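In my numbering, the protein residues as written are 7 to 281. A virtual CB, placed ideally from N, CA and C, is assigned to each residue, including glycine. Since this is a predicted model, take the numbers as computed values, not measurements.
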Ligand code: NAD
């Protein structure tokens, strides 16, 4: 590891405040779960191809709820088949070493951090979890509940009456919705830990950002707050991103360009040995 990178990690350990890890779809790419970039991301309905930023919306769900559910059930089966990779395991090691100083903010809905062994208590799933559904948006029906439906959904699996029955919710058999934050919705505290995440950014002694393109709002706010405070920030990403631009030349950050599975384990080893 470069001396400058070690200096930043030492600074993070020496200061007070949580060590915050922020992850995006890139960390799960090595587990075989596609990100939203490239051809893989599109979903075909009839003769039309929809981008994830069109499918993952309230507007799409209102217009074609069964198609949106088919897309989620297919993606969920991809997530369920995937296993946590060395980068997920490294984050578990970090939580065990840091205890209450550790906090994970993940945009991923795949549940792999929890399956790897991170605790729900210290993991904020700021975009939800694909294994859960909610009845609707009324306050009394907000509590997410686990999906109880088969995991073998192909791209062409039809939306059957049985699926409809299994995905119906308490409100008179109405179709429930996936427990994810959609692109045309707002973060909140009750479901997505919005204020708590902002608070963590304002207190963090170190932020490690992994595999995110910076295209969503709360992660960008978290990065911006930490960067403005001049707290140390390590950015691991295969490609440059708004986060890498925040740290480059800042004197308080480091851009580790490449795969999460290559860059993260040595960083965690270093921190865990000194925690
Ligand atoms: P994104 O697809 O916008 O960006 C992924 C980033 O990861 C890119 O910058 C890419 O260069 C980088 N990357 C790819 N492979 C990598 C690797 N092996 N190591 C390090 N970096 C790598 O994803 P995002 O920023 O998380 O935001 C988009 C939205 O996509 C989020 O709302 C998220 O909930 C959703 N999403 C989640 C999953 C999942 O749960 N696994 C998958 C796809 C999309």
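Run the proximity test for residue 87: is its beta-carbon closer than 7 Å to any non-hydrogen atom belonging to the ligand NAD?
no
On the premise that residue 130 lies in contact with residue 286, defined as a C-beta separation below 8 Å, what is that separation, rounded to the nearest angstrom?
Because residue 286 is not part of the residues shown, which for the chain are 7 to 281, the question remains open.
Through-space distance from residue 189 to residue 59, alpha-carbon basis:
6 Å
Tell me which residue opens and which closes the beta strand (DSSP E) that residue 233 is part of.
Segment 223 to 235 is the alpha helix (DSSP H) holding residue 233; no beta strand (DSSP E) there.
Buried or exposed: where does residue 78 fall if 16 or more other Cβ atoms within 10 Å of its Cβ makes it buried?
buried
Going by DSSP, name the residue or residues bridged to residue 27.
110, 214
Taking the CB atoms as reference points, tell me whether residue 140 and residue 185 lie closer together than 8 Å.
yes
Please confirm whether any heavy atom of the ligand NAD lies closer than 7 Å to the CB of residue 200.
no
Can you tell me whether residue 126 is buried or exposed, with buried defined as 16 or more other CB within 10 angstroms of its CB?
exposed
Assigned secondary structure, residue 57 (DSSP; H/G/I helix, E/B strand, else coil)
coil
Can you round the beta-carbon distance between residue 215 and residue 165 to whole angstroms, since I take them to be within the 8 Å contact cut?
No, residue 215 and residue 165 are not in contact; Cβ-Cβ is about 37 Å, not under 8 Å.
Selection from 192, 226, 153, 245 that minimises the alpha carbon distance to residue 83
153
Considering residue 42, what are the terminal residues of the alpha helix (DSSP H) in which it resides?
Per DSSP, residue 42 belongs to no alpha helix (DSSP H) and is neither H nor E.
Rounded to the nearest angstrom, how far is the Cβ of residue 218 from that of residue 113, given a contact under 8 Å?
6 Å
Any heavy atom of the ligand NAD closer than 7 Å to the CB of residue 17?
no
Proximity to residue 197 [Cα-Cα], best of 209, 224, 132
132
Considering only C-alpha positions, which residue in the set 234, 100, 204 is nearest to residue 277?
100
Under 7 Å Cβ to Cβ from residue 266, same chain only, skipping five residues before and after it: list those, please.
32, 33, 36, 93, 216, 217, 242
CB-CB under 6 Å to residue 62, same chain, minus the five flanking residues each way: which ones, in chain order?
188, 189
Sort 88, 194, 27 by Cα distance to residue 38 and report the nearest one.
88
For the ligand NAD, is there a heavy atom less than 7 Å away from the beta-carbon of residue 133?
yes
Contact belief for residue 5 with residue 237 at Cβ below 8 Å, rounded distance in angstroms:
The question about residue 5 has no answer here: the residues shown for the chain are numbered 7 through 281.
Residue interval of the alpha helix (DSSP H) (run including residue 67):
64 to 69
Could you check if residue 43 belongs to the surroundings of the ligand NAD, using beta carbon to heavy atom distance under 7 Å?
yes
Quick check: what's the CA-CA separation for residue 40 versus residue 170?
27 Å
Report yes if the CB atom of residue 260 is closer than 8 Å to the CB atom of residue 14, and no otherwise.
yes
Under 7 Å from any heavy atom of the ligand NAD, does the C-beta of residue 243 make it?
yes
Beta carbon of residue 114: closer than 7 Å to some heavy atom of the ligand NAD?
yes
Top-ranked residue by Cα proximity to residue 134, from 193, 95, 271
193
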